[in-house]
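Protein chains in written order, with the UniProt record's numbering: chain A, 1 to 289; chain B, 1 to 289.
Structure follows, in structure tokens:
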């Protein structure tokens, strides 16, 4: 149900964790200890490039299998070359195993015309067990002020064109805060802000791997700053701080420093329990026009 | 001149980039291509552990030598085991070289009692050339409101005890904003904020490598949140956005989400030209008491 919003999915039609498009498209085949094959789905492309958050989830799933701990706590990814849909290999290395945290490394490779491996992304990550953390919360951060979902807009709510829309829009439930949608109407606000409700279109509830997708799923903040075009990620680090509660997530992305052809995008992800479940920051390149 | 503040250093006694304590203590000896020896100085310890920012600068310097680009743009470090003063080996790998950016990996190893290498830190980093970036700046971030340096306090300004003071305090010019110093008087503000003027005690001006030190040099924000004890870094990522102008830096560190025994520390570093020269975020463990 490509254009269905999460809110409209009934209990009967909702996908569950393990049975969704996202689970199918991040599934890996273990070829050898720590080495995995995957066919990168064309379903998660923006224009023709494979979405960086989807790739992060693929690498995150490989490390969850390879390491003794299964939840990503902090994942740092450096994006080297643009991934394409099709066959890929993930090679992992266990760097250190500890009682509460394990650290691993993973690289995703594809193949050039001569069949040589070309590295696409390399990540360093520390994993733990979110369910063993104490319940203490002393967050001073406030959930983002996003209007109710029915007042927000997605690609299916045209006529506003969502530039860069592509296959991935069918996989996501993305409802953008109208106050960060000026760019789609040719009237960017000039502020480096982007906010949205986020879910998977088939209704699958979020888990830590889906958070890796959520932090890189919104349109670039650069659009609201009046810039257009591709904003390739150089590096993205995400901290997963809590297992998300069921239901849609709220994602707020902020850019405060656009300078010298680079910008940072800071993302916060909040769940339906008003918990700050993930924080991320990426460094991206931008064409100053 | 261990206790001299940068402001008091005269031109005649100031160290220069290349001739300072910091340069001497981060100097590496190339043993083989991409492999470096170093004797980690005891001059940069907090209590008995070697400061994480100093270690980051050591790794950053190795990569600056090994990669075709010399300025760190984004460095992600995962801290594995606690480093001690003494011999260490840095092994680097060139992951990808491009026209404007190169990506490398580096690990710092020390030795256990049997002489086996133990990995202390692993970093992934992308390097470029800061001097080639366009001059465009569209920063909405504001420099932190830190009082003039003469109204701020360092360890030499006792009687306020600066817990955790150690050898590194002799190497740094660190003048803390009194409004984030309540913890030193037994009256933490409860806010996750720490702000300071930062420099090298011998008056050396900042450069990109010194920024790697600056982002992890202030007392933990946890102290102002009423917590005590060691706050070990799990992962720290820093973005260097601009070559800093000469003179002291202003560093502001903020924690918004203390939860489940972990917290993030977001640091901003500003130079004397009011440029946001570096941003960092670390995930650290904290004992909830």
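We put the CB at the ideal spot given by N, CA and C, even for glycine.
Chain-ordered neighbours of residue i on chain A, where CB pairs are closer than 7 Å
{"i": "residue 134 (chain B)", "result": "260, 261, 288"}
{"i": "residue 103 (chain B)", "result": "78, 80"}
{"i": "residue 256 (chain B)", "result": "139, 140, 141"}
Among the options, the one whose alpha carbon lies nearest that of residue i
{"i": "residue 71 (chain A)", "options": "A:133, A:256, A:141, A:226", "result": "A:133"}
{"i": "residue 116 (chain B)", "options": "B:87, B:283, B:68", "result": "B:87"}
{"i": "residue 135 (chain A)", "options": "B:273, B:15, B:262", "result": "B:262"}
{"i": "residue 14 (chain A)", "options": "A:201, A:226, A:280, A:224", "result": "A:201"}
{"i": "residue 25 (chain A)", "options": "A:41, A:33, A:16", "result": "A:41"}
{"i": "residue 30 (chain B)", "options": "B:53, B:62, B:238", "result": "B:62"}
{"i": "residue 129 (chain B)", "options": "B:250, B:73, B:275, B:65", "result": "B:73"}
{"i": "residue 169 (chain B)", "options": "B:214, B:179, B:60, B:180", "result": "B:214"}
{"i": "residue 195 (chain B)", "options": "B:113, B:252, B:183", "result": "B:252"}
{"i": "residue 109 (chain A)", "options": "A:204, A:17, A:122", "result": "A:122"}
{"i": "residue 111 (chain B)", "options": "B:198, B:137, B:82", "result": "B:82"}
{"i": "residue 286 (chain A)", "options": "A:280, A:255, A:272, A:276", "result": "A:255"}
{"i": "residue 264 (chain B)", "options": "A:249, A:243, A:239, A:244", "result": "A:239"}
{"i": "residue 99 (chain B)", "options": "B:232, B:127, B:20", "result": "B:127"}
{"i": "residue 93 (chain A)", "options": "A:124, A:141, A:101", "result": "A:124"}
{"i": "residue 185 (chain B)", "options": "B:260, B:155, B:217", "result": "B:155"}
{"i": "residue 118 (chain B)", "options": "A:114, A:95, A:27, A:19", "result": "A:95"}
{"i": "residue 232 (chain B)", "options": "A:259, A:114, A:157, A:101", "result": "A:101"}
Rounded C-alpha distance that separates residue i from residue j
{"i": "residue 160 (chain A)", "j": "residue 177 (chain A)", "result": "A caution first: residue 160 (chain A) carries a pLDDT of 47, below 50, which makes its placement in the model too unreliable to give a value."}
{"i": "residue 268 (chain B)", "j": "residue 209 (chain B)", "result": "15 Å"}
{"i": "residue 236 (chain A)", "j": "residue 175 (chain B)", "result": "32 Å"}
{"i": "residue 230 (chain B)", "j": "residue 103 (chain B)", "result": "32 Å"}
{"i": "residue 2 (chain B)", "j": "residue 247 (chain B)", "result": "Because residue 2 (chain B) carries a pLDDT of 40, less than 50, the predicted location of this residue cannot be relied on, and no value is offered for it."}
{"i": "residue 79 (chain A)", "j": "residue 234 (chain B)", "result": "21 Å"}
{"i": "residue 291 (chain B)", "j": "residue 180 (chain B)", "result": "In this structure chain B extends from 1 to 289, so residue 291 (chain B) is not present and cannot be described."}
{"i": "residue 284 (chain B)", "j": "residue 97 (chain B)", "result": "31 Å"}
{"i": "residue 5 (chain B)", "j": "residue 172 (chain B)", "result": "Bear in mind that the predicted position of residue 5 (chain B) carries a pLDDT of just 48, short of 50, making it too unreliable to give a figure here."}
{"i": "residue 48 (chain B)", "j": "residue 166 (chain B)", "result": "8 Å"}
{"i": "residue 199 (chain B)", "j": "residue 221 (chain B)", "result": "19 Å"}
{"i": "residue 51 (chain B)", "j": "residue 257 (chain B)", "result": "23 Å"}
{"i": "residue 7 (chain B)", "j": "residue 281 (chain A)", "result": "Residue confidence for residue 7 (chain B) is low, a pLDDT of 46 falling below 50, so the modelled location carries little weight and cannot support an answer."}
{"i": "residue 152 (chain A)", "j": "residue 250 (chain A)", "result": "12 Å"}
{"i": "residue 212 (chain A)", "j": "residue 188 (chain B)", "result": "35 Å"}
{"i": "residue 137 (chain B)", "j": "residue 84 (chain A)", "result": "33 Å"}
{"i": "residue 271 (chain B)", "j": "residue 245 (chain B)", "result": "6 Å"}
{"i": "residue 277 (chain B)", "j": "residue 35 (chain B)", "result": "29 Å"}
{"i": "residue 32 (chain B)", "j": "residue 53 (chain B)", "result": "25 Å"}
{"i": "residue 106 (chain A)", "j": "residue 205 (chain A)", "result": "26 Å"}
{"i": "residue 58 (chain A)", "j": "residue 274 (chain B)", "result": "40 Å"}
{"i": "residue 218 (chain A)", "j": "residue 203 (chain B)", "result": "44 Å"}
{"i": "residue 227 (chain B)", "j": "residue 193 (chain B)", "result": "13 Å"}
{"i": "residue 197 (chain A)", "j": "residue 149 (chain A)", "result": "7 Å"}
{"i": "residue 28 (chain B)", "j": "residue 55 (chain B)", "result": "12 Å"}
{"i": "residue 19 (chain B)", "j": "residue 223 (chain B)", "result": "34 Å"}
Enclosing beta strand (DSSP E) for residue i [first to last residue]
{"i": "residue 172 (chain A)", "result": "172-176"}
{"i": "residue 281 (chain B)", "result": "276-285"}
{"i": "residue 22 (chain A)", "result": "Where residue 22 (chain A) is concerned, there is no enclosing beta strand (DSSP E), although the alpha helix (DSSP H) it sits in stretches over 21-25."}
{"i": "residue 38 (chain B)", "result": "35-40"}
{"i": "residue 78 (chain A)", "result": "71-79"}
{"i": "residue 190 (chain A)", "result": "Per DSSP, residue 190 (chain A) belongs to no beta strand (DSSP E) and is neither H nor E."}
{"i": "residue 110 (chain B)", "result": "102-111"}
{"i": "residue 156 (chain A)", "result": "Counting along the chain, residue 156 (chain A) falls outside any beta strand (DSSP E), and DSSP gives it neither H nor E."}
{"i": "residue 32 (chain B)", "result": "29-32"}
{"i": "residue 237 (chain A)", "result": "233-240"}
{"i": "residue 125 (chain A)", "result": "117-128"}
Where the alpha helix (DSSP H) through residue i begins and ends
{"i": "residue 60 (chain B)", "result": "52-66"}
{"i": "residue 254 (chain A)", "result": "Looking at the DSSP string, residue 254 (chain A) is not in any alpha helix (DSSP H); the run it does join, the beta strand (DSSP E), is 249-254."}
{"i": "residue 208 (chain A)", "result": "208-214"}
{"i": "residue 224 (chain B)", "result": "221-224"}
{"i": "residue 96 (chain A)", "result": "Careful: residue 96 (chain A) lies outside any alpha helix (DSSP H), inside the beta strand (DSSP E) at 86-97."}
Per-residue contacts from residue i into chain B (C-beta, under 7 Å)
{"i": "residue 82 (chain A)", "result": "None at all; the shortest Cβ gap to chain B is about 12 Å."}
Residues that residue i contacts on chain B, provided the C-beta gap is smaller than 9 Å
{"i": "residue 264 (chain A)", "result": "239, 241, 279"}
{"i": "residue 73 (chain A)", "result": "234, 235, 262, 283"}
Chain A contact residues for residue i, given Cβ-Cβ distances below 8 Å
{"i": "residue 198 (chain B)", "result": "Near residue 198 (chain B) there are no residues of chain A at all, since even the closest Cβ is about 19 Å away, more than 8 Å."}
{"i": "residue 95 (chain B)", "result": "78, 80, 119, 122"}
Under 9 Å from the C-beta of residue i: neighbouring residues of chain A
{"i": "residue 276 (chain B)", "result": "256, 257, 259"}
What are the residues of the region 177-195 of chain B that lie near chain A, defined by any Cβ-Cβ distance shorter than 7 Å?
When C-beta distances to chain A are compared with 7 Å, the residues of the region 177-195 of chain B below that value are 192, in chain order.
Contact residues within the region 116-144 of chain A, judged by C-beta distance below 7 Å to chain B:
So the close ones are 119, 122, 124, 126, 133, 134, 136, 137, 138, 139, 140, 141.
Using a Cβ-Cβ cut-off of less than 8 Å, give me the residues of the region 210-225 of chain B that come near chain A, in sequence order.
For the region 210-225 of chain B, residues whose beta-carbon sits nearer than 8 Å to a beta-carbon of chain A comprise 225.
Contact residues within the region 49-60 of chain A, judged by C-beta distance below 8 Å to chain B:
Going along the region 49-60 of chain A in chain order, one finds no residue with a Cβ nearer than 8 Å to chain B.
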